[in-house]
Amino acid sequence: MRRWRRGDGLVPLHARWLVVMFVALELVTTAALLAFVMLPMAERAADDLAGLMILSAQTWAELPPQTRPVFEQELASSYRIAVRPDMPPAPDTGLRHGFYLHFLERAFERRLGHESFFAQERGADGEDWLWIAVNAGERSMGAGFATSRMQANPVGALLVTLGAGVLLIAGLAWWMARRIAQPVARLEAAAAQLSQGTNPALLPVSGPRELADLARHFNHMALQLAELSDARTTLFAGLSHDLRTPLARMRLALEMLDLKPEPALLRRLDQDIEEMNLLIGQLLDIARGLQPEAQQELDLRTWLDERVATHQAAAEAAKAQLSVVCESGLHAWAAPGMLARIVDNLLGNALRYAPGPIELRAETVPLAGEASTPRLRIGVLDRGPGIPQDQLAAVFRPFHRLETARSPDAGGFGLGLAIVQQLARSNGWVVELQGREGGGLAAWLALPAHPQGGALKG
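So in the numbering used here, spot 74 of the sequence shown is number 81, and the numbers just go up one at a time.
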């Protein structure tokens with residue numbers, strides 16, 4: 008079996024391996040069969056034939072002459088054995104006929120007490136016979152048998168079985184290798200499309216568990232890359248649009264300053280610069296969301312009280328009332344910086360769009376279908392106008408806004424929830440928005456309650 012080399016396909020590679028493994032198994036099986044079954048049986052059969060031939064010669068010598076022809080006919084027709092009187096011992100002519108004849112000569116040697124050899128001659132019926140001299144009383148009798156008694160051909164059986172098996176296993180190996188290679192070939196073609204910037208068709212999640220898992224992970228990666236590409240396109244398009252507006256105002260203000268300097272124009276320039284700085288800062292927040300951060304154990308009651316204290320001044324300015332609902336002793340394992348940025352963004356949205364009673368809540372809920380495995384979630388709940396049901400998924404896209412106005416005063420840049428989702432995904436958390444009975448919006452962030460927790464399912 009030659010070693011694998013670059014350029015070998017999975018189909019011929021696996022087919023060759025399967026053929027070689029079958030041939031090796033066939034050889035081992037045949038060797039075991041010969042050693043433990045066929046050779047002992049051949050030796051036993053040779054000993055039985057030697058005993059029958061000696062007994063036939065001795066019986067013939069003891070029978071009355073008139074009954075001997077009937078006895079000879081019975082031996083020839085029933086056993087393919089013949090006897091002849093006064094046959095001298097045959098010399099060693101080098102006659103070999105495989106293991107069976109060797110066993111037969113050794114059997115005669117054991118029974119007669121001396122080394123004996125066979126002589127081969129063609130009978131009247133045209134068939135080959137093997138003769139050997141045996142002692143019958145005081146005479147040397149010849150006992151022979153037709154070679155047609157030796158029908159076993161283990162070497163031929165091995166060659167036929169090996170040849171037929173190789174042909175069969177080659178076809179089967181090729182078929183099996185193609186079944187194995189087809190999903191990998193589809194994956195290779197899809198990966199090639201993905202590397203060229205084309206969104207490939209999703210792979211079928213079927214077949215063996217390992218291949219199905221591989222297809223599932225590839226589909227997930229392809230969808231994520233497609234979403235990332237769409238988000239990048241939207242991000243650059245929105246960025247160019249949102250930067251063009253303050254730049255146009257700044258250019259106009261500079262031209263007017265040349266004609267007539269006014270403090271209001273300078274304040275407008277300062278506001279535009281601050282608006283551009285805020286937009287760039289939010290874009291940097293999205294980029295920083297991909298950077299890992301070490302997890303820490305957080306006492307959620309204390310941590311949520313700190314978030315309320317941080318936003319208390321903004322809440323008073325917006326005439327909002329912040330409250331915390333969290334049982335004591337509830338802990339979470341999370342990256343504190345990432346978690347703070349997510350909750351601060353959600354809380355900032357609530358203060359901007361839903362001033363009034365705003366509740367920060369932390370609780371544990373069981374996973375669907377796994378009542379014994381709870382998960383932790385943190386929510387920002389308000390009583391504002393809420394978001395239409397058909398817009399709950401769309402608001403996570405960068406620069407997507409429900410307001411028609413595009414100024415920060417009216418509705419921000421549309422990056423807050425995109426930042427939240429980016430940060431959540433990079434940590435394996437799940438963020439979702441839900442409408443509340445009686446009006447308002449509930450923004451929930453689900454995360455593990457212990458350090459061993461991995462990515463969660465939404």
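Backbone N, C-alpha and C define an ideal beta-carbon position, used for all residues, glycine too.
>> Cutting at 7 Å between CB atoms, please list the residues of its own chain near M48, excluding the five before and the five after it.
In response: Taking the sequence shown and counting its residues from 1, the one referred to as residue 48 is at position 41. Result list for M48: empty, nothing under 7 Å.
> Which first and last residues belong to the beta strand (DSSP E) in which G393 is found?
Replying inline: Position 386 of the sequence shown holds residue 393. G393 -> no beta strand (DSSP E), and no H or E assigned at all.
>> What does the alpha-carbon distance come out to for the pair L452 and W436?
In response: Locating residue 452 in the sequence shown gives position 445, counting from the first residue. Locating residue 436 in the sequence shown gives position 429, counting from the first residue. One C-alpha to the other measures close to 7 Å.
> Is L230 buried or exposed, if buried means 16 or more other CB atoms sit within 10 Å of its CB?
Replying inline: Translated into positions along the sequence shown, residue 230 becomes position 223. Classification of L230: exposed, given that the 10 Å Cβ count is below 16.
> So, using beta-carbon positions, are A449 and G393 closer together than 7 Å?
Replying inline: Looking up residue 449 in the sequence shown gives position 442. Looking up residue 393 in the sequence shown gives position 386. Contact flag unset, no.
>> Once DSSP output is grouped into helix, strand and coil, what is the label at P455?
In response: Within the sequence shown, residue 455 is the residue found at index 448, counting from 1. Coil, per DSSP.
>> I want to know whether the segment 172–185 touches the segment 210–222 - three or more CB-CB distances under 8 Å.
In response: no
> In three-state terms, what does DSSP make of P415?
Replying inline: The sequence position of residue 415 within the sequence shown is 408, counting from 1. Here P415 scores only 45 on pLDDT, less than 50, and its place in the model should not be relied on; the value that follows carries that caveat. Three-state result, P415: helix.
> I think D99 touches F124, with their Cβ atoms under 8 Å apart; what is that distance to the nearest whole Å?
Replying inline: To locate residue 99, count along the sequence shown from 1; it is residue 92. To locate residue 124, count along the sequence shown from 1; it is residue 117. Contact flag correct, Cβ pair sits at about 5 Å.
>> Given a cut-off of 7 Å on the beta-carbon distance, is the pair L337 and A369 in contact?
In response: By 1-based counting over the sequence shown, the position of residue 337 is 330. By 1-based counting over the sequence shown, the position of residue 369 is 362. Yes, they are a contact pair.
>> Can you look up A378 in the DSSP assignment and give me helix, strand or coil?
In response: In the sequence shown, counting from the first residue as 1, residue 378 sits at position 371. Bear in mind that a pLDDT of 48 at A378, under 50, signals an unreliable position, so the number given afterwards is only what the model happens to contain. A378 falls in the strand class under three-state DSSP.
>> Could you check whether the segment 31–38 touches the segment 195–212, counting it as contact only if at least three pairs of C-beta atoms, one from each stretch, sit closer than 8 Å?
In response: No contact exists between the segment 31–38 and the segment 195–212.
>> Taking only three categories from DSSP, how would you classify A196?
In response: Taking the first residue of the sequence shown as 1, we reach residue 196 at position 189. Three-state DSSP puts A196 in a helix.
> Within 10 angstroms of its Cβ, does P469 collect 16 or more other Cβ (buried), or is it exposed?
Replying inline: Since the displayed the chain opens at 8 and closes at 465, residue 469 lies outside it and no answer follows.
> Under a three-way DSSP split, which group does G178 fall into?
Replying inline: Here residue 178 refers to the residue found at position 171 when the sequence shown is read from its first residue. For G178, the three-state secondary structure derived from DSSP is helix.
> Under the three-state reduction of DSSP, which class applies to V90: helix, strand or coil?
Replying inline: For this step, residue 90 is matched to residue 83 along the sequence shown. Under the three-state reduction of DSSP, V90 is assigned to strand.
> Expressed to the nearest angstrom, what Euclidean distance is found between the alpha-carbon atoms of A89 and A114?
Replying inline: Sequence index remark: in the sequence shown, residue 89 carries index 82 (1-based). Sequence index remark: in the sequence shown, residue 114 carries index 107 (1-based). If you take the alpha carbons of A89 and A114, they lie about 18 Å apart.
> Which residues mark the beginning and the end of the alpha helix (DSSP H) in which R359 is found?
Replying inline: Taking the first residue of the sequence shown as position 1, residue 359 is located at position 352. It spans 343–360 - the alpha helix (DSSP H) in which R359 sits, taken as one unbroken run.
> Taking W340 as the reference, which of L70, E195, N434, E81 has the closest Cα?
Replying inline: The residue given as residue 340 occupies position 333 in the sequence shown. The shortest Cα separation from W340 among L70, E195, N434, E81 belongs to N434.
> Got a sec, what are the start and stop residues for the beta strand (DSSP E) W138 sits in?
Replying inline: Numbered from 1 along the sequence shown, position 131 holds the residue referred to as residue 138. From DSSP, the beta strand (DSSP E) with W138 extends over 135–143.
>> Less than 7 Å between C-beta atoms, sequence neighbours within five positions excluded: which residues of the same chain meet that for S379?
In response: As a working mapping, residue 379 is identified with position 372 in the sequence shown. Here the model assigns S379 a pLDDT of 48, short of 50, so the residue's position is not dependable and the matter cannot be decided.
>> Report the CB separation of M345 from L440 in whole angstroms; it is logged as a contact under 8 Å.
In response: Position 338 of the sequence shown, counted from the first residue, corresponds to residue 345. Position 433 of the sequence shown, counted from the first residue, corresponds to residue 440. At roughly 19 Å, the Cβ-Cβ gap does not stay under 8 Å, so M345 and L440 are not in contact.
> Can you tell me whether DSSP reads H121 as helix, strand or coil?
Replying inline: Translated into positions along the sequence shown, residue 121 becomes position 114. Three-state result, H121: coil.
> Are there 16 or more other CB atoms within 10 angstroms of the CB of V77, so buried, or fewer, so exposed?
Replying inline: Locating residue 77 in the sequence shown gives position 70, counting from the first residue. Per the 10 Å Cβ criterion, exposed.
>> Applying the 10 Å Cβ sphere with the 16-neighbour rule, what's the burial state of M148?
In response: By 1-based counting over the sequence shown, the position of residue 148 is 141. Counting Cβ neighbours within 10 Å, M148 comes out buried, since at least 16 surround it.
> Between A180 and L25, is the Cβ-Cβ spacing less than 7 Å?
Replying inline: Walking along the sequence shown from the start, residue 180 turns up at place 173. Walking along the sequence shown from the start, residue 25 turns up at place 18. Going by C-beta atoms, A180 is nearer than 7 Å to L25.
> What residues match up with F152 in a beta bridge as DSSP calls it?
Replying inline: To locate residue 152, count along the sequence shown from 1; it is residue 145. F152 pairs with I88, L137.
> For D99, which of helix, strand or coil comes out of DSSP?
Replying inline: On the sequence shown, residue 99 is found 92 positions in, with the first residue counted as 1. In the structure shown, D99 sits in coil (DSSP, three-state: anything other than H, G, I, E or B).
>> Here's the rule I'm using: 16 or more other beta-carbon atoms within 10 Å means buried, otherwise exposed. How should M28 be labelled?
In response: Start at 1 with the first residue of the sequence shown, and residue 28 comes out as number 21. It counts as exposed.
> In terms of alpha-carbon separation, which member of I349, G204, L194, E366 lies closest to H224?
Replying inline: Along the sequence shown, one-based indexing puts residue 224 at 217. Closest by alpha carbon: L194.
> Roughly how many angstroms separate the alpha carbons of S414 and A322, rounded to a whole number?
Replying inline: Reading the sequence shown from its first residue, position 407 is the one you call residue 414. Reading the sequence shown from its first residue, position 315 is the one you call residue 322. Confidence is the limiting factor: at S414 the pLDDT is only 41, short of 50, which leaves the residue's position unreliable, though a coordinate-based value still follows. A322 has its alpha-carbon roughly 21 Å from the corresponding atom of S414.
>> Can you tell me whether N352 is buried or exposed? The criterion is at least 16 other CB atoms within 10 Å of its CB, across all chains shown.
In response: If you number the sequence shown from 1, residue 352 lands on position 345. Counting Cβ neighbours within 10 Å, N352 comes out buried, since at least 16 surround it.
>> Output needed for A64: all residues of its chain with C-beta closer than 8 Å, excluding positions within five of it in sequence on either side, in chain order.
In response: Within the sequence shown, residue 64 is the residue found at index 57, counting from 1. Taken in chain order, the residues that qualify are V90, V141, A143, M148, G149, A150.
> Exposed or buried, V372, counting other C-beta atoms within 10 Å across all chains shown (16 or more means buried)?
Replying inline: Against the sequence shown, residue 372 aligns to sequence position 365. Counting Cβ neighbours within 10 Å, V372 comes out exposed, since fewer than 16 surround it.
> Among all the DSSP beta bridges, which residues are the ones paired with G442?
Replying inline: The residue given as residue 442 occupies position 435 in the sequence shown. L448, per the DSSP bridge assignment.
>> According to DSSP, simplified to helix, strand and coil, what is A400?
In response: Here residue 400 corresponds to residue number 393 of the sequence shown, with the count starting at 1. Coil at A400, not helix or strand.
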